Amino acid sequence: MSNDLKFTGSCCCGEIRYSIKDLPLFTHACHCNDCKKSTGSAFVIHSTTLEDCFEIKGNLEATTLPTGSGAGYKPFFCKKCGTYIYCKYDMAPGRVIIRTSTFDKPENFPPQAHIFIRSKASWIDLDDKIPSFESMYDRAKLWPKSSLDRLSSLS
Numbered sequence: 004m005s006n007d008l009k010f011t012g013s014c015c016c017g018e019i020r021y022s023i024k025d026l027p028l029f030t031h032a033c034h035c036n037d038c039k040k041s042t043g044s045a046f047v048i049h050s051t052t053l054e055d056c057f058e059i060k061g062n063l064e065a066t067t068l069p070t071g072s073g074a075g076y077k078p079f080f081c082k083k084c085g086t087y088i089y090c091k092y093d094m095a096p097g098r099v100i101i102r103t104s105t106f107d108k109p110e111n112f113p114p115q116a117h118i119f120i121r122s123k124a125s126w127i128d129l130d131d132k133i134p135s136f137e138s139m140y141d142r143a144k145l146w147p148k149s150s151l152d153r154l155s156s157l158s
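If you read the sequence shown in the numbering used here, its first letter stands for residue 4, the second for the next number, and so on.
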C-alpha cells in the first residue's frame with residue numbers, strides 16, 4: 004500500500020467526508036432489485052475497500068435492508084442530507100462497500116464487472132468490454148491478484 008495514496012469523497016451536503024488510503028479492491032455495477040430499489044435507479048456502482056483503509060468523519064445513521072439471500076446489510080448515510088455513503092455486509096467482514104459516485108472523482112473507479120444482470124433494466128444494453136454475470140462472479144477468478152493478496156491479509 005502506498006503511504007501517499009488517498010482518495011476522498013463526501014455526501015451531498017458536505018457534512019460527511021471520507022477517504023481511503025489505497026485503491027479499491029474491486030468496483031462493480033450491481034443490477035439486483037434490492038440495489039435498484041434502494042437507489043431509485045437502474046443500478047448502483049460499488050467499490051470495495053478494506054475497512055482499515057477507510058476513514059470517515061461526520062454524523063452518520065444506519066439501518067438494515069434486505070438482500071436477495073435474506074442476510075441483510077447495513078447501509079450508512081448522512082444524518083443531515085440522507086446520502087448513502089457505504090454499507091457493510093455480515094458476510095464480508097473487514098470490508099466496506101462504498102457507493103462509488105460519492106467519491107470526489109468517481110471516474111477513477113469505473114466498473115470492472117456488471118453483476119445480477121438477470122434483473123437489469125431491459126433498456127440497458129451492455130457490451131462485452133466489461134464482464135457481465137447473471138448473478139455474482141467468482142472473486143478468485145475475476146479480482147486482480149493484488150486485491151486478492153490484500154484481502155487475504157484479513158485472515
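Ideal Cβ positions, reconstructed from N, Cα and C, are used throughout, including at glycine. Predicted model, so just to flag it, every value in this text is computed and none were measured.
Ranked by how close their Cα comes to the Cα of residue 91, the residues 85, 43, 53, 157 have 53 in first place. Leaving aside the five residues that flank residue 93 on each side, the residues in its chain whose CB is nearer than 7 Å to its CB run, in chain order, 74. Between residue 103 and residue 50, the C-beta gap is smaller than 8 Å, which places the two residues in contact. In the structure shown, residue 103 falls within a helical segment according to DSSP collapsed to helix, strand and coil.
Of the candidates 142, 144, 114, 122, 114 places its Cα closest to the Cα of residue 131. Secondary structure note for residue 124: it is in no beta strand (DSSP E), with a DSSP letter that is neither H nor E. Pairing residue 144 with residue 26, the inter-Cα distance amounts to about 19 Å.
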